[in-house]
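Asks: From first to last, the protein sequence lines stand for chains A and B. For the first sequence, my numbering assigns the number 203 to the last residue and increments by one with no breaks. For the second sequence, my numbering assigns the number 423 to the last residue and increments by one with no breaks. Just so you know, even glycine gets a beta-carbon here, dropped at the ideal spot from N, CA and C. Take this structure, written in structure tokens, and hold onto it; I'll ask about it next.
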Amino acid sequence: MEFINIFIKAAFVENLVLAYFLGMCSYLAVSKTVKTAFGLGLAVIFVLGVTMPINWLINTFLLSESGVFGIDLTFLRFILFIAVIASMVQLVEMIVEKFSPSLYNALGIFLPLITVNCAILGGSLFMVSREYNFSDSLAFGLGGGFGWFLAIIAIAAIREKIKYSNVPAPLRGLGMAFILTGLMGLAFLSLTGIDPAALTAAK
Amino acid sequence: MKQALLNLFRKIEPSKEKKLLHTAYDAFFTFAFAPNETTHGGVHIRDGMDLKRTMVHVVLALQLCYVFGTWNIGHQHFVALGEHTAPLAGLHLKILYGLVKLIPIFIVAHVVGLGIEFFYAARKGHSVEEGFLVSGALIPLIMPPDIPLWILGISVAFAVIIGKEAFGGTGMNIWNIALLSRVFIFFAYPTTISGDDVWVAGFSSTTPGSVVEYGWFVTSVLNPILATIGSATFNVQSAIVDGYTGATPLSLASQGGWENVTATYSSSAMLWGAIPGSVGETSKVLVVLGIIFLIVTKIADWRIIVSFLVGAAVTGMLMNLWGVTVFMQVPWYNQFIMGSLLFAAAFMATDPVTASATPTGKLIYGFMIGFIGMVVRVLNPAYPEGWMLAILFMNTFSALIDHYVLEANMKRRMKRAVVTATA
């Protein structure tokens with residue numbers, strides 16, 4: 001039950017893009033068509049869902065004082081987290097290149113740049129500061145990734161639609177994307193305040 | 001009569017050089033008459049309706065809500081004071097008071113909204129887009145009667161500039177304009193639009209004993225006139241009666257379930273709408289008449305309304321089954337006569353611009369609004385009512401729903417094409 005709570009909270013209530021504004025660079029750059037946004041969204045779900053549990057293991061068993069080495073190595077946290085994320089992204093890149101070359105070309109530089117997508121490092125750091133356990137961090141990774149995926153395909157569909165609108169010239173492109181993101185954040189506010197944990201606890 | 005009006009219009013038509021004047025003229029001319037020009041070439045539309053006439057139908061459907069809302073502002077006000085509590089007692093005072101509250105809201109919404117539209121139309125050099133006609137008619141109905149007018153003006157300006165003109169004007173917006181202006185107030189000035197104190201006009205607080213606050217217009221203009229014609233006047237010394245709370249059915253339900261609601265309001269009062277709330281949404285009967293009118297004239301798509309109601313009903317039943325809080329145990333059919341559920345289904349979700357455009361998409365869209373709105377209403381302790389937020393939430397996804405419905409359609413047809421080609 002705790003797993004579902006954290007998943008829902010990360011995906012809808014505290015959406016990484018629309019509540020914390022994390023991972024904006026690729027969110028704005030790759031959201032021009034639904035197809036590429038879909039691919040990148042799936043990649044982010046995968047990377048978040050895999051790196052968070054791995055980073056949890058590293059943080060608990062290697063870096064903490066009660067770990068294997070018996071000394072406090074938390075100053076290595078950032079480097080190790082990034083290293084894990086980078087290797088995962090490398091893996092995703094190879095898979096995408098092998099199985100969908102067209103998507104690989106469409107995503108271009110933004111696929112390797114998932115490495116520096118702040119949503120992903122942000123997820124791992126949230127995990128540390130909120131003291132999640134292993135299954136919590138898996139739920140947060142998958143949920144946060146899913147929320148990011150939803151946000152990017154929604155804005156991509158809207159951007160495909162407003163291509164045919166008579167948008168004032170200075171706002172075309174990025175300007176409109178920022179306005180859209182703000183208004184989407186307003187719409188997502190509807191779910192802030194729902195606490196799945198409180199509801200299940202009442203039962 | 002018709003000819004005389006037409007001649008009058010022809011006589012006062014300003015030259016096309018005067019941009020702003022001609023824009024204004026054109027707006028009022030096409031409001032009264034359908035334009036003569038028809039489409040030439042390859043576009044064929046079977047229906048004689050143009051955009052403005054479609055919108056006028058929606059505005060017509062709202063008129064009953066306006067009339068009732070005017071009376072209800074006054075009625076709720078006097079019920080709180082314990083004067084003229086019978087529905088028809090002091091009728092002229094109630095209607096006068098309702099007008100005193102409603103007309104400024106109406107004027108501010110239209111002056112700000114239409115002013116911005118005229119400005120943009122003149123700048124872009126085309127005739128004014130009549131999109132604000134419906135938004136302008138809806139906005140006064142979804143506001144609490146005591147909303148400060150400057151806040152209303154800012155919110156309308158926000159909705160029209162950021163929500164519509166930035167997207168290129170009428171028909172291009174992604175989010176519903178009327179709801180954007182309301183959600184702006186909801187998050188920027190929450191105390192003016194939520195809580196138990198705001199739904200009854202004329203008081204800054206609804207605790208028993210607080211004295212009524214009539215403006216200068218009532219005390220120094222209306223009261224002397226009423227006194228000279230020898231009728232009852234507004235009593236400036238009256239105060240709220242003991243035991244009055246001003247709580248809406250929804251806030252009562254979230255505190256103590258359905259029994260708590262029926263202790264204060266009877267089901268028939270909720271059905272007919274003599275309860276505190278936003279100006280136009282309280283009367284369920286009149287809203288249902290509006291729904292019938294919109295469906296019969298084919299202005300609103302029945303798919304959205306039906307799937308919306310089904311979604312809300314199914315979610316309500318699931319919550320009855322789950323039932324961990326008192327609000328969840330409220331019988332699902334009673335959810336329909338509380339709050340603005342029906343009003344949202346009739347006039348907000350059916351907005352053809354912001355809803356999904358494909359028939360299948362409309363079913364999904366309506367159902368999801370019903371589901372999310374009910375979840376927000378019942379499960380989210382932060383917000384008393386969910387439809388505004390649920391509709392904005394699904395507006396965000398309506399383009400995506402359309403995208404996938406179209407894609408599925410294309411895939412199916414491709415498959416069929418391949419099968420016939422190989423056969």
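1. Please classify B:Ala382 as buried or exposed, where buried requires at least 16 other C-beta atoms within 10 Å of its C-beta.
2. According to the Cβ coordinates, are B:Ala80 and B:Gly246 closer than 8 Å?
3. Please determine if the region 195–210 of chain B and the region 141–150 of chain B are in contact, where contact requires at least 3 C-beta pairs separated by less than 8 Å.
4. Looking only at its own chain, which residues have a Cβ that is under 7 Å from the Cβ of B:Asp402, when we skip the five neighbours before and after it?
5. Grab the span of the alpha helix (DSSP H) containing A:Glu93 for me, first residue to last.
6. Helix or strand or just coil, what does DSSP make of B:Ala239?
7. Using the three-state DSSP reduction, which class does B:Val211 fall into: helix, strand or coil?
8. Can you grab the Cα-Cα spacing for the pair B:Leu96 / B:Leu252, in whole Å?
9. So is A:Lys204 in contact with chain B if we call contact Cβ pairs under 8 Å?
10. Could you compute how far the alpha carbon of B:Arg10 sits from the alpha carbon of B:Ala346?
11. What ranges does the alpha helix (DSSP H) occupy inside the region 102–182 of chain A, keeping only unbroken runs of at least 4 residues that lie completely in it?
12. Determine the burial state of B:Gln3: buried for a count of at least 16 other Cβ atoms within 10 Å of its Cβ, exposed for fewer.
13. Check whether the region 408–418 of chain B touches the region 174–184 of chain A, taking contact to mean three or more Cβ pairs, one atom from each stretch, closer than 8 Å.
14. Give the single residue among A:Tyr132, A:Ile95, A:Arg159 and A:Tyr27 whose Cα lies nearest to the Cα of A:Asn5.
15. Taking the alpha-carbon positions, what's the A:Gly182 to B:Asn7 distance?
16. What residue range does the alpha helix (DSSP H) around A:Leu73 cover?
17. Is it buried or exposed for A:Cys25, if we count other Cβ within 10 angstroms and need 16 for buried?
18. Smallest Cα separation from B:Gly131: which of B:Ile154, B:Ala159, B:Thr219 and B:Val376?
19. Whose C-beta lies closer than 6 Å to the C-beta of A:Phe188 among residues of the same chain, with five residues either side of it excluded?
20. Where do the ends of the alpha helix (DSSP H) carrying B:Met368 lie?
21. Round the Cβ separation of A:Gly39 and A:Leu107 to the nearest angstrom and send it over; I've been treating them as touching at under 8 Å.
22. From the beta carbon of A:Ser31, is the nearest beta carbon of chain B less than 8 Å away?
23. Starting from the beta carbon of A:Gly193, find every residue of chain B whose beta carbon is closer than 7 Å, and list them in chain order.
24. Is it true that the CB of B:Ile177 sits closer than 8 Å to the CB of B:Ile185?
25. Considering only the alpha carbon of each residue, which of A:Val84, A:Leu73 and A:Thr74 lies closest to A:Pro53?
26. With a cut-off of 8 Å, does the C-beta of B:Ile162 fall near any C-beta of chain A?
27. Please classify A:Asn105: is it buried, with 16 or more other beta-carbons within 10 angstroms of its beta-carbon, or exposed?
28. Which of the residues in the region 19–46 of chain A, read from start to end, lie with their CB under 8 Å from any CB of chain B?
29. Return the Cβ separation of B:Ile292 and B:Ile305 in integer angstroms, given the expectation that the two are a contact with Cβ distance under 8 Å.
30. Quick check on B:Lys298: buried or exposed, where buried means 16 or more other Cβ atoms within 10 Å of its Cβ?
31. Once the 5 residues before and after B:Ser155 are set aside, which same chain residues still bring their CB inside 6 Å of it?
32. Which term fits B:His75, buried or exposed, when burial requires 16 or more other beta carbons within 10 angstroms of its beta carbon?
33. Are B:Val376 and B:Thr315 close, meaning C-beta to C-beta below 8 Å?
34. Need the endpoints of the alpha helix (DSSP H) that A:Ser31 sits in, please.
35. Would you check if there are 3 or more beta carbon pairs closer than 8 Å linking the region 152–171 of chain A to the region 363–375 of chain B?
36. Taking 8 Å as the threshold, find out whether the region 110–120 of chain A comes into contact with the region 85–93 of chain A through three or more Cβ pairs.
Replies: A quick look at the data gives this:
1. exposed
2. yes
3. Output reads yes: the region 141–150 of chain B touches the region 195–210 of chain B.
4. Ser356, Ala357, Thr358 and Gly361
5. Arg77 to Phe99
6. strand
7. strand
8. 30 Å
9. Here chain A comprises residues numbered 1 to 203, so residue 204 of chain A is not present and cannot be evaluated.
10. 38 Å
11. 118–129 and 134–162
12. B:Gln3 is exposed by the Cβ-count criterion.
13. no
14. A:Tyr132
15. 49 Å
16. Per DSSP, A:Leu73 belongs to no alpha helix (DSSP H) and is neither H nor E.
17. exposed
18. B:Ala159
19. Asn15 and Leu18
20. Pro359 to Leu379
21. 6 Å
22. no
23. Asn380, Pro381, Ala382 and Tyr383
24. no
25. A:Val84
26. Yes, B:Ile162 lies at the interface with chain A (some Cβ there is under 8 Å from its Cβ).
27. When all chains shown are included, A:Asn105 counts as exposed.
28. Val34
29. The pair is not a contact, with the Cβ atoms about 10 Å apart (cut-off 8 Å).
30. exposed
31. Counting only Cβ-Cβ distances below 6 Å, and skipping sequence neighbours, we find Ser181, Phe184 and Ile185.
32. buried
33. no
34. Run containing A:Ser31: none; DSSP gives neither H nor E here.
35. no
36. yes
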